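S.K.:
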Amino acid sequence: MYVGFGYDVHRFKEGRELILGGVKIKNTKGLDGHSDADVLVHALMDALLGAAGLNDIGHFFPNTDPKYKNISSVCLLEIVYKKLKKKKFSINNVDITVVAEAPKIYPFIAEMKTNISKVIKLKKERIGIKATTNEKIGFLGRGEGIASMTVASIKKNNRPLA
Ligand SMILES: [Zn+2]
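Written as structure tokens, this is what we have:
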């Protein structure tokens, strides 16, 4: 079993849509970023890549490449999943935490799990998504952005582990 950790943060920006876990959350400002700024999926991808001993998302999807401008991060997650599959890894479980003062994430968690489950071919009961606030402390507490952290465990399938 291999374990990986991912962390990401994006600042809010007026005029952007908020996309988290592939879900469009209405009536709130969105996050700034080169892609759709889906901070939840970004931290998830880095956890998976880290567990597989691969480079981070900044390496594979540079924010200077026009190809990734406003791209859906769920599409990028699919590319990450394929990279793991190519290295004969399968995903055991992922555990995601979103830190946001607002909006409330809970109502969208089921849909986020469905989206992620489809792309990384992982049962929903093996996907944890939790939301917390930063208790009004610091930049997250002042509602300047949203952060996400993920732990992922994966396993290699071709031979028994040494
Ligand atoms: Zn990001």
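Everything in the sequence shown is counted per this note's numbering, starting at 1 for the first residue and increasing by one. For glycine and all other residues, C-beta sits at the position ideal for the given N, C-alpha and C. From a predicted model like this one, the values you see are computed outputs, not experimental measurements.
Any heavy atom of ligand 1 inside 7 Å of the beta-carbon of Val39?
M.R.: Taking the first residue of the sequence shown as 1, we reach residue 39 at position 39. Yes, ligand 1 has a heavy atom inside 7 Å of this Cβ.
S.K.: Should Asp65 be listed as close to ligand 1, given that the test is whether its C-beta is under 7 Å from any heavy atom?
M.R.: By one-based count along the sequence shown, residue 65 stands at place 65. No, the beta carbon of Asp65 sits no closer than 7 Å to any heavy atom of ligand 1.
S.K.: Could you check what DSSP says for Met1 in three-state terms: helix, strand or coil?
M.R.: For the purposes of this step, residue 1 is taken as residue 1 along the sequence shown, with counting starting at 1. Here Met1 carries a coil assignment [DSSP, helix/strand/coil].
S.K.: Comparing the CB of His10 with every heavy atom of ligand 1, is any distance shorter than 7 Å?
M.R.: By 1-based counting over the sequence shown, the position of residue 10 is 10. Yes.
S.K.: Pull up the CB-CB distance for Ile146 and Val99, whole angstroms please, since I reckon it's below 8 Å.
M.R.: Translated into positions along the sequence shown, residue 146 becomes position 146. Translated into positions along the sequence shown, residue 99 becomes position 99. Contact between Ile146 and Val99 holds, since their C-beta atoms are separated by about 7 Å, short of 8 Å.
S.K.: Can you tell me whether Lys24 is helix, strand or coil according to DSSP?
M.R.: On the sequence shown, residue 24 is found 24 positions in, with the first residue counted as 1. Note: Lys24 maps to strand in three-state DSSP.
S.K.: Output the distance between the C-alpha atoms of Ala37 and Gly4, rounded to the nearest integer angstrom.
M.R.: What you label residue 37 is simply residue 37 of the sequence shown in a count that begins at 1. What you label residue 4 is simply residue 4 of the sequence shown in a count that begins at 1. Roughly 21 Å between the two C-alpha positions.
S.K.: Is it the case that the CB of His168 approaches a heavy atom of ligand 1 more closely than 7 Å?
M.R.: Only positions 1 to 162 of the chain appear in this structure, which leaves residue 168 out of reach.
S.K.: Verify the contact flag: Gly33, CB atom, against every heavy atom of ligand 1, threshold strictly below 7 Å.
M.R.: Residue 33 sits at position 33 when you count from the first residue of the sequence shown. Yes - ligand 1 has a heavy atom lying nearer than 7 Å to the Cβ of Gly33.
S.K.: Kindly indicate which three-state DSSP category Ile116 falls into: helix, strand or coil?
M.R.: Residue mapping note: residue 116 aligns to position 116 of the sequence shown, counting from 1. Helix at Ile116.
S.K.: Which partner residues does Lys13 have in the DSSP bridge list?
M.R.: Start at 1 with the first residue of the sequence shown, and residue 13 comes out as number 13. For Lys13, which the question treats as bridged, DSSP gives the partners Gly30.
S.K.: Helix, strand or coil: which one does DSSP assign to Lys87?
M.R.: Walking along the sequence shown from the start, residue 87 turns up at place 87. It is coil, neither helix nor strand.
S.K.: Compute the Euclidean distance between the alpha carbons of Ser35 and Tyr68, then round it to the nearest angstrom.
M.R.: Residue 35 sits at position 35 when you count from the first residue of the sequence shown. Residue 68 sits at position 68 when you count from the first residue of the sequence shown. About 6 Å.
S.K.: Counting only runs of 3+ residues fully inside the segment 121–145, write out the beta strand (DSSP E) ranges in chain order.
M.R.: 127–132
S.K.: Measuring CA to CA, which of Ile57, Leu48, Phe61 and Gly53 is closest to Ile91?
M.R.: As a position in the sequence shown, residue 91 is number 91, starting the count at 1. The shortest C-alpha separation from Ile91 is found at Leu48.
S.K.: Specify, as a first and last residue, the run of the alpha helix (DSSP H) that Ala47 falls within.
M.R.: Position 47 of the sequence shown, counting from 1, holds the residue named residue 47. Segment Val39 to Ala51, the alpha helix (DSSP H) holding Ala47.
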